[in-house]
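*Asks:*
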Amino acid sequence: MLPKLKKILKIVLIMLFLLIFGIVLIFRFVPIPTTPYMLAEKSNHGSISYSWVYLEDMSENVPLSVVAAEDVNFCNHWGFDLAAIRSAIDQGSKRGASTISQQVVKNLFLWHQRSWIRKIFEAILTPVVEISWSKKRILEVYLNIAEFDKGIFGIEQASQKLFGVPSSKLSLQQASLLAAVLPNPKQRSVIDPSKYIRKRALSIADGAATILKDDRSDCFTD
Numbered sequence: 158m159l160p161k162l163k164k165i166l167k168i169v170l171i172m173l174f175l176l177i178f179g180i181v182l183i184f185r186f187v188p189i190p191t192t193p194y195m196l197a198e199k200s201n202h203g204s205i206s207y208s209w210v211y212l213e214d215m216s217e218n219v220p221l222s223v224v225a226a227e228d229v230n231f232c233n234h235w236g237f238d239l240a241a242i243r244s245a246i247d248q249g250s251k252r253g254a255s256t257i258s259q260q261v262v263k264n265l266f267l268w269h270q271r272s273w274i275r276k277i278f279e280a281i282l283t284p285v286v287e288i289s290w291s292k293k294r295i296l297e298v299y300l301n302i303a304e305f306d307k308g309i310f311g312i313e314q315a316s317q318k319l320f321g322v323p324s325s326k327l328s329l330q331q332a333s334l335l336a337a338v339l340p341n342p343k344q345r346s347v348i349d350p351s352k353y354i355r356k357r358a359l360s361i362a363d364g365a366a367t368i369l370k371d372d373r374s375d376c377f378t379d
């Protein structure tokens, strides 16, 4: 009986992996229609704002600012920034050192509550996404499914609702302010930024210029 159960479990795990891998491959090419977190937020609050925009149709200030804010070594790692992880451990950081790739996996496939089970799935799926997608695609997906304010998902809706302009028209200052509320937009505000957020946005703007100058943006800029 036990060998039979092990065989069934093995088959189920293989089928689950193939299903997820198939979804990853599909999402390499098509816009993301929604995510589990978006569905949960819609259920909790009644509605959300979300629309898709391609990376090439965004202001170049957007990806530069978000990478400067969230993952300065984005172009140079394979999904996990080991140097940032070691630094976070040494400094006792509560936030950790999640890369943009890890956040894409969490936002697209998993749940937001911290747990070891989620971290295990994240550790398995992140290399799959890194292997299957280009860096541009990973960043494009992140910018489209990240939450920038309560119920506002994606840079296009955030830009239009918070600044009244399309994402293609965002200035460096505006893009840096949007990046400054990540990864916790429910406790940080673009409309009424705190002194900390304003200072963080200035630092992000400087960082965006730096990574462009020293070629750390080569994987997503032309």
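Note that the working numbering has the sequence shown beginning at 158, numbered continuously upward.
Yeah, the Cβ is synthetic: ideal placement off N, Cα and C, and Gly gets one too.
#1: Which whole runs of the alpha helix (DSSP H) in the region 258-312 are 4 residues long or more, in chain order?
#2: Which runs of the alpha helix (DSSP H) at least 4 residues long sit entirely within the region 327-353? Give them in chain order.
#3: Would you be able to state if there are at least three C-beta pairs under 8 Å between the region 333-352 and the region 191-205?
#4: How far does the alpha helix (DSSP H) with residue 208 in it extend, from its first residue to its last?
#5: Suppose only complete runs of 4+ residues qualify. What are the alpha helix (DSSP H) ranges in the region 350-379, listed by chain order?
#6: Going by alpha carbons, who is nearest to residue 207 out of 298, 273, 378 and 174?
#7: Can you find at least 3 beta carbon pairs, one from the region 224-236 and one from the region 358-378, that sit closer than 8 Å?
#8: Could you work out which residue in 265, 161, 226 and 318 is closest to residue 191 when comparing CA atoms only?
#9: Mind reading off the beta-carbon distance from residue 223 to residue 289? Whole number of angstroms is fine, and I expect it under 8 Å.
#10: Less than 8 Å between the beta carbons of residue 300 and residue 220, yes or no?
#11: On the CB-based measure, 16 or more other CB atoms within 10 Å of its CB, does residue 338 come out buried or exposed?
#12: So for residue 216, helix, strand or coil by DSSP?
#13: Pull up the CB-CB distance for residue 291 and residue 215, whole angstroms please, since I reckon it's below 8 Å.
#14: Run through DSSP, which three-state label would residue 324 get?
#15: In whole angstroms, give me the CA-to-CA distance for residue 159 and residue 168.
#16: Just to confirm my understanding: we take residue 195, look at its own chain, exclude 5 residues before and 5 after, and list those with CB closer than 7 Å. What are they?
#17: Quick one: residues in its chain with C-beta nearer than 7 Å to the C-beta of residue 278, no 5 flanking neighbours on either side, listed in chain order?
#18: If we ignore side chains and look at the alpha-carbon of each, how far apart do residue 367 and residue 360 end up?
#19: Which two residues bound the contiguous alpha helix (DSSP H) that contains residue 201?
#20: Out of 282, 355 and 303, which has the shortest C-alpha to C-alpha gap to residue 210?
*Replies:* Reading off the structure:
#1: For the region 258-312, whole alpha helix (DSSP H) runs of length 4 or above, ordered along the chain, are 273-289 and 292-302.
#2: DSSP runs (the alpha helix (DSSP H)) wholly in the region 327-353: 329-337.
#3: Contact between the region 191-205 and the region 333-352 is absent: fewer than 3 CB-CB pairs across the two stretches fall below 8 Å.
#4: Secondary structure note for residue 208: it is in no alpha helix (DSSP H), with a DSSP letter that is neither H nor E.
#5: If we require 4 residues or more, the alpha helix (DSSP H) runs fully inside the region 350-379 come out as 352-370.
#6: Closest in alpha carbon position to residue 207, among 298, 273, 378 and 174, is 298.
#7: These segments touch.
#8: The shortest C-alpha separation from residue 191 is found at 265.
#9: That belief does not hold up - the Cβ atoms of residue 223 and residue 289 are roughly 21 Å apart, past 8 Å.
#10: Yes, Cβ-Cβ distance for residue 300 and residue 220 is below 8 Å.
#11: It counts as buried.
#12: Of the three classes helix, strand and coil, the one that applies to residue 216 here is coil, per DSSP.
#13: That pair is no contact at about 16 Å.
#14: The answer is helix: DSSP assigns residue 324 an H, G or I state.
#15: The straight-line gap from Cα to Cα measures roughly 14 Å.
#16: The residues are 205, 207 and 310.
#17: Excluding residues within five positions, the ones whose Cβ falls inside 7 Å are 267.
#18: Straight through space, the alpha carbons of residue 360 and residue 367 are spaced by roughly 11 Å.
#19: Residues 193-202.
#20: The shortest C-alpha to C-alpha distance from residue 210 to any of 282, 355 and 303 is the one to 303.
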